[in-house]
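What follows is a single structure, written as structure tokens, with notes after it.
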Amino acid sequence: MPGALSAAAGAPPRVREVEAGDAAWDRWVAGAEGSTFCHLAGWREVMGDVLGHRCSYLAAVEEDGSWSGVLPLVRVRSRLFGHYLLSMPFLNDGGPLGTPGARRALAGRAVDEARRLGVDLLELRVRQPLRGELAESQRKVTVLLPLPPTAEELWEKGFRAKLRSQVRRPQKEGLTTRFGAGEAAAFYEVFARNMRDLGTPVLPRAWFERIARVFPEQAVFGVVYSGDTPVAAGCGFLWGGEFEMTWASSLREFNSVSPNMLLYWSFMEHVIGRGARVFNFGRCTPGAGTHRFKLQWGGHDVPLPWAQWSASGVAATPSPDRPVFRLATAAWQRIPVPVANLVGPTLARRLP
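Take a look at the structure:
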């Protein structure tokens, strides 16, 4: 039966595919060291129902029948963007979880599946390196900020005076922040507009609506308003004392009043009240503008040593930073927002 991590030594665990729709999977994940919200069973519904991707949820099973590790895998296939096997697409974690032996067995099974399917790239998104024959990507980092017990302590002792003044600016302009699942629609309004401005196809509205329904305890939606107009928005996840800001956007025409500064401070204040002790700013490219923005809050870099395998030497999933996509990005930025919102989700669901 699924339970605590098995410490049994001996033969390597066998790996089998399991049904992830019951509570047993999530109970195991909740008790596993290093687990994240990316490992939860609900992503099978979100990835499969909303995006149409084939999901395989794997468990490493010991001789006594106990689980010693788990791995959710998602296949993303497109004639335009390529063929990938990932854990987990659109997210920053979800790779092999469990004992060292279980992680090795699960990674080996993932490579076998990648070979069998003929994918361009297998990518296992992990926080701790996977020892073995898989290559290790160095292209992404995250920024972690330890959080004190109270927001007041973070404000007074954790932030420099300049940072506090940047947060006060939108407050003085009358901007306010609202939280709750009911903010998902306003979040998407800002997010979709910002993605068009960045030249990137936007995920479907149904993706975030399903997230709000499937993860009512973990998903956090927050929106900054100027009057009744949403001008900055974020969506992230609370799990095991850590909050990760997974998606955040603001409207460019409001940059002069810095709504993004109020957005991040409001999220910190909110999640501290819900017990978070670490604020995870989400993945970014080292040295990029978003990386510098995240570092200004006082956090520290943590490399994301994602494990990869490719028979053809593919080193990364599609990215707007790559030269081959720059012309497409520039063209997308000129598309009217309603058209981008109509066409973008069809493309985005095939982008891992």
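Numbering (this note's numbering), first residue to last: 28 to 379.
Just so you know, even glycine gets a beta-carbon here, dropped at the ideal spot from N, CA and C.
- Shown here for residue 125: same chain residues with a beta carbon closer than 8 Å to its own, the five before and five after excluded, namely 32, 59, 87, 94, 95, 96, 97 and 133 in chain order.
- For residue 169, the enclosing beta strand (DSSP E) stretches over residues 168–173.
- Exposure of residue 342 is indicated by the presence of fewer than 16 other C-beta atoms within 10 angstroms of its C-beta.
- Residue 318: member of the alpha helix (DSSP H) spanning 316–322, first to last residue.
- Judged by beta-carbon spacing, residue 243 lies beyond the 8 Å limit of residue 250, meaning their Cβ atoms are not closer than that value.
- Judged by their CB atoms, residue 310 and residue 167 are nearer to each other than the 8 Å cut-off.
- About 6 Å separates the beta carbons of residue 306 and residue 270, which is inside the 8 Å limit, making them a contact pair.
- Across the set 90, 117, 92 and 91, the C-alpha of 117 shows the shortest separation from the C-alpha of residue 102.
- Cβ contact annotation for residue 232 (same chain, cutoff 7 Å, sequence separation greater than five): 215, in chain order.
- In the three-state reduction of the DSSP assignment, residue 336 falls in the strand class, which pools E and B.
- Put simply, the backbone Cα of residue 92 is about 18 Å away from that of residue 131.
- Under a 10 Å Cβ-count criterion, residue 63 is classified as buried, with 16 or more other Cβ atoms of the shown protein chains found around its own Cβ.
- According to the DSSP assignment, residue 224 belongs to the alpha helix (DSSP H) that extends over 211–225.
- Under the three-state reduction of DSSP, residue 119 is assigned to coil, being neither helix nor strand.
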